[in-house]
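Peer 1: Sharing a structure, written as structure tokens. Questions coming.
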Amino acid sequence: MKALVFDYKVSRLAISRIFGSFFLKGYLTKLGFLHLKEIACPNIKNDKWVIVKTKFCGICGSDHKQVFLDGNRDNPMTAVISWPQILGHEAVGIITKGETSKGLHIGDRVVLNPWLGCVPRGIDPPCIACQAGNNTLCRNFTNGNLTRGIHTGNSSDATGGFAEFFPAHNSMAFKIPDDISWDQATLSDPFSVAFHSILKVSPKPGSICAVYGCGNLGLLTIHILKSVFKEVQVIAIAKFEHQAKMAENFGADKIIRSDYTYKIIEKIADFVQCDILYLKKKKPWLIEGVDFLFDTVASPETLETGIRIVKSRSTPNDSKSRGSGTIVVTGVSSPKRFEWTPWYFKEIRIVGSNAFSVEEYEGYKEHSYEHYFRFLRDGRVNPSEMITHKFPLSLYKKAFLTAHNQEKYKSIKVGFSY
Amino acid sequence: MPALVFEMKTLKLIKAYVRGKIKNNGYWKSGGPLNLKVVPLPKLVSNDWVIVKTVYCGICGSDMKEITLSGNRDNPLQSLISFPQILGHEPVGIIEKVGPTVLNFKLGDRIAISPWFNCASRGFIPPCPRCKQGDYVHCSNFKSGQLPSGMHLGVTKGFGGFAPYIAVHKSQCFLIPNNISFEQAVLADPFSVAFHSLLTLNPSPTDIIMVYGLGVIGLLTILCLKNLFNVENVIAVARYPFQKDLALEIGASKVFTSSGGQLIEEIAKYFNLKLYKPDKGLKWALDGVDGIIDTVASAETMEIGIRITRAQGKIIFLGVSTPKRVENTLHYFKELEIIGSNAFSIENFEKQIQHAFYFFLDFLSKDRIDVSRFITHVFPLDDFDEAFNVLINKKKTKAIKVLFKFNS
């Protein structure tokens, strides 16, 4: 089968970086890490696994960050992944092999839950995290019958959706209900990431939420806040025109578009009607501000700005529910220094949110994908317009450039269709 | 009266910076920003203010940071403060004069002073919503009203504790019960800082809690964990052996004195944690301590804390080290909750809601805590250079809390 193979070799790092520094495409040359190859189809590992013929696979922010080497060598995640990898974890397709698995049959349409916890690894009894339904915090990412890896795409055994076929444990393949389209199903993963992050705080009616970044995660966060949660005001901080437009479509109450963080801070102050403190003209900060911030970028710049626009926390004993003065971060960019003094002074709570798992909402305790299917069926959400570009695998260079250069290509979700 | 005054004057700052780089005590040599100066006696700001004759004033870590110029030029808190400052914000003393509308205090009363100004101190009636709910540290009026800009004593032009007399608003005064000495009461501020941070952490007795840094706040944190929160398993990280000894005596189960990768290895060994080894950089664990009170909050303590706190655990940090790069990927991946803690105000503990200082004085009266071992050095204000020398040579001097004492 055709597959996009990413093989990390320190010896090739320098040359890739040199080419890449001249032009983005330099990361994608023959001397780089990423190659379209003809390789053997994945095999069934045991009777609990199925093989899925890929129909579509979205490119996640983390995929193109990896391709364009936007990472640091002291990144601790290198301890829990293995090479070579076939990236792609936002995959949907049709089961072509593996009949015995519970409730799954050849010909079934499925969406992948990529997390490689104890169950796919054949570890029984499962670890404390998997027992509690948090397989994103599994204690066995380096154990069991799969190579190191946290989810499909970064374990050399669990190859991903940037190939014509991919393997899935039966616990990882969710049957797509008939009334849900391929496009809708493909967004299960990013939708769940956004949903999980919102459940970290569950904003009450009347709350003012800001969403930093209007890529996939930001837009989905806005969409969920406005259409699943009740009476929440949402401020979208968007970089590009087409993102702002979609944020507006999803119902954002206020759109802030600015290249300058000081202007973002001033506009937030204007929206919530609070005083602005200035160290210098371009270094304002607020003691009051928005109740919650969802930082989908988590770069030094957004973290520094975030702690300046979230209001001070004032309920030290409120340790169960996370009240005002909270930032939820759904990812990470390359760490750098940022001015963090207001974090302590305003007593801000920054809580990390990693992917998704079994979630409790509206009386249902089920996997995030099931919540998503329910919202879709009830007509409460429909994010499919976010899929802006589809490419065949052979045009992978164009696909990655399109996903990376969002302004030029007006891209939001880009993926490979087969 | 004499007062220890810090001026924000570029030439003086440069002079101190250069001298300080050569020798530590260069920071406070005369001619720099810090000088013992004669200033006018404080006056009642309005009718509900009092004048206090200082008995003791503690020297805080943040005073030392200011004196040794360890702040950052882009620190936004600079927008809230004013100069020249009389440093010192941990004073206790005796009421010398009361304004005509002060009914709850009389001459001769022994009081501990909460350094934070609130709307009442600034003459605002009604107060801002924050002050109304007792959240004085996030007051909306730090820059307005009848006082110069500033959050508290020591950073507000003309108001500070390193002087024999201090003017304060009555709402900042707390009567010291007869059975409590000034030497105990003077720890009200650092105790309250530790207590407030623990109320944010809200540990249960079975949690494993780590205290990072064993200056006076770290030690008081251990004291609170053991005596007020009944936490069985408290571990700590100390820099010096004398801190370790004292921490073990007041109830820590284990104290580490290493740093960096070595510290991670030792903690992992102690708790039998599985460590993950990345291509480069520090090892990390998915399990670990349930919570950390980080009294240092430097890039190193944050980076290590993130690596040895269990997934979905909490890190409370207080303290104000200068920001640097922190490899923070695990903050999101482990779903950690990292919360800042700033000073103290009205607190809620054991179904009682009152100011942290009242809790402190109560705990002392009821013998629930013993703070007698934390004051190691006392100097008259004239010998300030010696006091600061003691504080920057802790390894040798074994200093914990150093006080200025004023003539009675």
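Read top to bottom, the protein sequences are chains D and E.
My numbering applies: residue 916 is where the first sequence begins, and numbers increase by one.
My numbering applies: residue 185 is where the second sequence begins, and numbers increase by one.
Glycine residues also receive a C-beta, built at the ideal position from the N, C-alpha and C atoms.
Interface residues of chain D around E/D569 at Cβ under 9 Å?
Peer 2: Here residue 569 of chain E is taken as the residue at index 385 of the second sequence, counted from 1. Neighbours of E/D569 on chain D: none; closest Cβ ~29 Å, over 9 Å.
Peer 1: Let me know the secondary structure DSSP gives D/S1332 once reduced to three states.
Peer 2: The residue labelled residue 1332 of chain D in the question sits at position 417 within the first sequence. Secondary structure of D/S1332 (DSSP, three-state): strand.
Peer 1: Can you tell me whether D/E953 is buried or exposed, with buried defined as 16 or more other CB within 10 angstroms of its CB?
Peer 2: On the first sequence, position 38 is the one that residue 953 of chain D refers to. With a threshold of 16 other beta carbon atoms within 10 Å, D/E953 falls short and is exposed.
Peer 1: Start and end of the beta strand (DSSP E) containing E/H353?
Peer 2: Locating residue 353 of chain E in the second sequence gives position 169, where the first residue counts as 1. Element bounds for E/H353: Y349 to H353.
Peer 1: Restricting to Cα atoms, I'd like to know which of E/G399, E/G216 and E/K205 is closest to E/E191.
Peer 2: Start at 1 with the first residue of the second sequence, and residue 191 of chain E comes out as number 7. The candidate whose alpha carbon is nearest that of E/E191 is E/G216.
Peer 1: Shorter than 7 Å from the beta carbon of E/W300 to some beta carbon of chain D?
Peer 2: In the second sequence, the residue the question calls residue 300 of chain E occupies position 116. Interface flag for E/W300 against chain D is unset, since no Cβ pair is found closer than 7 Å.
Peer 1: So that I know if they touch, is there some Cβ in chain D lying closer than 7 Å to that of E/Q262?
Peer 2: Here residue 262 of chain E is taken as the residue at index 78 of the second sequence, counted from 1. At least one chain D Cβ lies under 7 Å of E/Q262.
Peer 1: So what's D/M916 in DSSP terms, helix, strand or just coil?
Peer 2: Here the question's residue 916 of chain D lines up with position 1 in the first sequence. Coil at D/M916, not helix or strand.
Peer 1: Count the other C-beta atoms from every protein chain shown that fall within 10 angstroms of the C-beta of D/H1020, then say buried if there are 16 or more, exposed otherwise.
Peer 2: Within the first sequence, numbered from 1, the residue matching residue 1020 of chain D stands at position 105. D/H1020 should be labelled exposed.
Peer 1: Within 10 angstroms of its Cβ, does D/N1232 collect 16 or more other Cβ (buried), or is it exposed?
Peer 2: One-based indexing of the first sequence puts residue 1232 of chain D at position 317. For D/N1232, the predicted model reports a pLDDT of 49, less than 50, meaning its position is unreliable; a value from the coordinates is still stated below. So D/N1232 counts as exposed.
Peer 1: D/A1153: which of D/L1192, D/C1129 and D/H1286 sits nearest, CA to CA?
Peer 2: Residue numbering aside, residue 1153 of chain D sits at position 238 when the first sequence is read from its first letter. The candidate whose alpha carbon is nearest that of D/A1153 is D/C1129.
Peer 1: Please report the straight-line C-alpha distance between D/K1328 and E/F528, rounded to a whole angstrom.
Peer 2: Numbered from its first residue, the first sequence carries residue 1328 of chain D at position 413. Numbered from its first residue, the second sequence carries residue 528 of chain E at position 344. Computed Cα separation, rounded: 46 Å.
Peer 1: Can you tell me where the alpha helix (DSSP H) holding E/R491 begins and where it ends?
Peer 2: Here residue 491 of chain E corresponds to residue number 307 of the second sequence, with the count starting at 1. Note, E/R491: alpha helix (DSSP H), A483 to I492.
Peer 1: Between the C-alpha atoms of D/L1027 and E/I406, what's the straight-line distance to the nearest angstrom?
Peer 2: Taking the first sequence and counting its residues from 1, one reaches residue 1027 of chain D at position 112. Taking the second sequence and counting its residues from 1, one reaches residue 406 of chain E at position 222. Their Cα atoms are separated by approximately 48 Å.
Peer 1: Does the beta-carbon of E/V610 have 16 or more other beta-carbons within 10 angstroms, so that it is buried, or is it exposed?
Peer 2: Here chain E has residues from 185 to 592 only, and residue 610 of chain E is not among them.
Peer 1: What residue ranges within the segment 345-402 of chain E form continuous beta strand (DSSP E) runs of no fewer than 3 residues, ordered along the chain?
Peer 2: DSSP runs (the beta strand (DSSP E)) wholly in the segment 345-402 of chain E: 349-353, 357-359 and 392-396.
Peer 1: Ends of the alpha helix (DSSP H) at D/L1291?
Peer 2: Reading the first sequence from its first residue, position 376 is the one you call residue 1291 of chain D. S1283 to R1292 is the extent of the alpha helix (DSSP H) around D/L1291.
Peer 1: Decide if E/E416 is buried, meaning its Cβ has at least 16 other Cβ atoms within 10 Å, or exposed.
Peer 2: Residue mapping note: residue 416 of chain E aligns to position 232 of the second sequence, counting from 1. Per the 10 Å Cβ criterion, exposed.
Peer 1: Relative to the C-alpha of D/L1218, which residue among D/F1207, D/L1194 and D/V1244 is closest?
Peer 2: The residue given as residue 1218 of chain D occupies position 303 in the first sequence. Of the listed residues, the one whose Cα sits closest to D/L1218 is D/V1244.
Peer 1: Any residues in the segment 446-460 of chain E with a beta carbon nearer than 8 Å to a beta carbon of chain A? Which ones, in chain order?
Peer 2: Of the chains in the structure shown, none is chain A; the protein chains are D and E.
Peer 1: State the start and end residues of the unbroken beta strand (DSSP E) segment that holds E/D594.
Peer 2: The first residue shown for chain E is 185 and the last is 592, placing residue 594 of chain E beyond what the model contains.
Peer 1: Does any C-beta atom of chain D lie closer than 7 Å to the C-beta of E/P332?
Peer 2: Position 148 of the second sequence, counted from the first residue, corresponds to residue 332 of chain E. Output row for E/P332: interface = no.
Peer 1: Give, in chain order, every residue of the segment 979-1002 of chain D whose Cβ lies closer than 8 Å to some Cβ of chain E.
Peer 2: N987, R988, D989, N990, P991, M992, T993, A994 and V995
Peer 1: Since I believe D/F921 is in contact with D/F948 (beta carbons under 8 Å), could you give me their beta-carbon distance rounded to a whole number of angstroms?
Peer 2: Within the first sequence, the letter at position 33 stands for residue 948 of chain D. Within the first sequence, the letter at position 6 stands for residue 921 of chain D. Yes, they are in contact, since the Cβ atoms of D/F948 and D/F921 sit about 5 Å apart, within 8 Å.
Peer 1: Who are the neighbours of D/R1264 on chain E, taking C-beta pairs under 7 Å?
Peer 2: Translated into the one-based positions of the first sequence, residue 1264 of chain D becomes position 349. What D/R1264 touches in chain E: E521 and I523.
Peer 1: Residues of chain D with CB closer than 8 Å to the CB of E/H515, please, in chain order.
Peer 2: Counted from its first residue, the second sequence places residue 515 of chain E at position 331. Under the 8 Å cutoff, chain D gives V1244, V1247, I1265 and G1267.
Peer 1: Should D/E1254 go down as buried or exposed, given a rule of 16 or more other Cβ atoms within 10 Å for buried?
Peer 2: Within the first sequence, the letter at position 339 stands for residue 1254 of chain D. That one is buried.
Peer 1: What residues in its chain sit with their C-beta under 8 Å from that of E/R314, if we drop five residues either side in the sequence?
Peer 2: For the purposes of this step, residue 314 of chain E is taken as the residue at position 130 of the second sequence. Cβ-Cβ distances below 8 Å link E/R314 to Y320, H322, C323 and S324 in the same chain, with the five nearest sequence neighbours on each side left out; the list follows chain order.
Peer 1: Measure the Cβ-Cβ separation of E/V236 and E/I393 and say whether it is below 7 Å.
Peer 2: The residue you call residue 236 of chain E lines up with position 52 of the second sequence. The residue you call residue 393 of chain E lines up with position 209 of the second sequence. Not closer than 7 Å, so no.
Peer 1: I want to verify the contact list: residues of chain E whose CB lies under 7 Å from the CB of D/P1257, in sequence order.
Peer 2: Counting from one through the first sequence, the residue named residue 1257 of chain D turns up at place 342. What D/P1257 touches in chain E: P260.
Peer 1: For E/E449, is the beta carbon positioned less than 6 Å from some heavy atom of the ligand HEM?
Peer 2: Of ligands this structure carries none, so the ligand HEM is not represented either.
Peer 1: Threshold first: 4 residues or longer. Then list the alpha helix (DSSP H) segments lying entirely within the segment 923-987 of chain D, N to C.
Peer 2: 925-937 and 976-982
Peer 1: May I ask you to report which of helix, strand or coil DSSP gives D/N1232?
Peer 2: Stepping through the first sequence from its first residue, residue 1232 of chain D is reached at position 317. Model confidence at D/N1232 stands at a pLDDT of 49, short of 50, so the residue's coordinates are unreliable; what they give is reported in the following sentence. Coil, per DSSP.
Peer 1: Can you tell me the Cα-Cα spacing of D/V1034 and E/S263, whole angstroms?
Peer 2: For the purposes of this step, residue 1034 of chain D is taken as the residue at position 119 of the first sequence. For the purposes of this step, residue 263 of chain E is taken as the residue at position 79 of the second sequence. In this structure, the straight-line span from the alpha carbon of D/V1034 to that of E/S263 is close to 54 Å.
Peer 1: Are the segment 471-486 of chain E and the segment 503-522 of chain E touching, with three or more C-beta to C-beta distances below 8 Å?
Peer 2: yes
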